[in-house]
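For the sequence shown, UniProt numbering puts the final residue at 119, and the numbers step up evenly by one.
Don't be surprised by glycine CBs; every beta carbon is placed ideally from N, CA and C.
This one's a predicted model, so the numbers in the text were calculated from it and none came from an experiment.
Just below is one structure, and these are the notes that go with it.
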Amino acid sequence: MPSKQDPKQTVFYRQLEQETTRTVYALATCNAQIGGEIIASLCDRFSLEEAAGIILVSLEQLLRLNAEAFVWSVEQLLPADILKAIRNVTRVAVSRQSIERGFALGEEFSVDGMQSSQP
Numbered sequence: 001m002p003s004k005q006d007p008k009q010t011v012f013y014r015q016l017e018q019e020t021t022r023t024v025y026a027l028a029t030c031n032a033q034i035g036g037e038i039i040a041s042l043c044d045r046f047s048l049e050e051a052a053g054i055i056l057v058s059l060e061q062l063l064r065l066n067a068e069a070f071v072w073s074v075e076q077l078l079p080a081d082i083l084k085a086i087r088n089v090t091r092v093a094v095s096r097q098s099i100e101r102g103f104a105l106g107e108e109f110s111v112d113g114m115q116s117s118q119p
């Protein structure tokens, strides 16, 4: 028996997919005005962390489609606050995966990049 998905969740995923697709197309243009407007729009409509997540997923898709546009976007377009939020999102995800794989936080890795020195 197939499970029924919550209609609100379905709408959310559809909106997320649309935002990601729109962002990928905007970044692929390598046009600072278009890219800047789409990023500003995301930041106006979503929290900084949510906007960073959408941009991160978009960048991953863009990397597969157009590596030059990916590099341009990261180097020329992304504001410092978005880059910082992306770092925070990825730091949490990598930390969770590391802990799930049995690594010890503070001993074998750290969240802030300051690993304790082990002999």
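Endpoints, alpha helix (DSSP H) assigned at residue i
i   : result
P7  : P7 to A28
V89 : A80 to E100
L62 : L48 to L65
Q33 : A32 to R45
Residue i - DSSP class collapsed to helix/strand/coil
i    : result
F109 : strand
Q118 : The predicted position of Q118 is uncertain, since its pLDDT is 47 and thus under 50; no value can be drawn from it.
F103 : coil
M1   : With a pLDDT of 48 at M1, under the threshold of 50, the predicted position of this residue should be treated as unreliable, though the coordinate-derived value follows. Three-state result, M1: coil.
Beta-carbon proximity of residue i to residue j, cut-off 8 Å
i   : j    : result
S95 : L105 : yes
A26 : I38  : yes
T20 : V57  : yes
I34 : F46  : no
Q76 : A32  : yes
R91 : V74  : no
N66 : A28  : yes
L48 : A85  : yes
C30 : W72  : yes
beta-carbon residue i near the ligand FAD non-hydrogen atom, thresh 7 Å
i    : result
L105 : For the structure depicted, the ligand FAD is absent and the ligand set is empty, with no information on it obtainable.
Exposure label - residue i; buried when at least 16 CB within 10 Å
i    : result
F70  : buried
P119 : Because P119 sits at a pLDDT of 42, beneath the cut-off of 50, its placement in the model cannot be relied upon, and the point is left open.
T23  : buried
I99  : exposed
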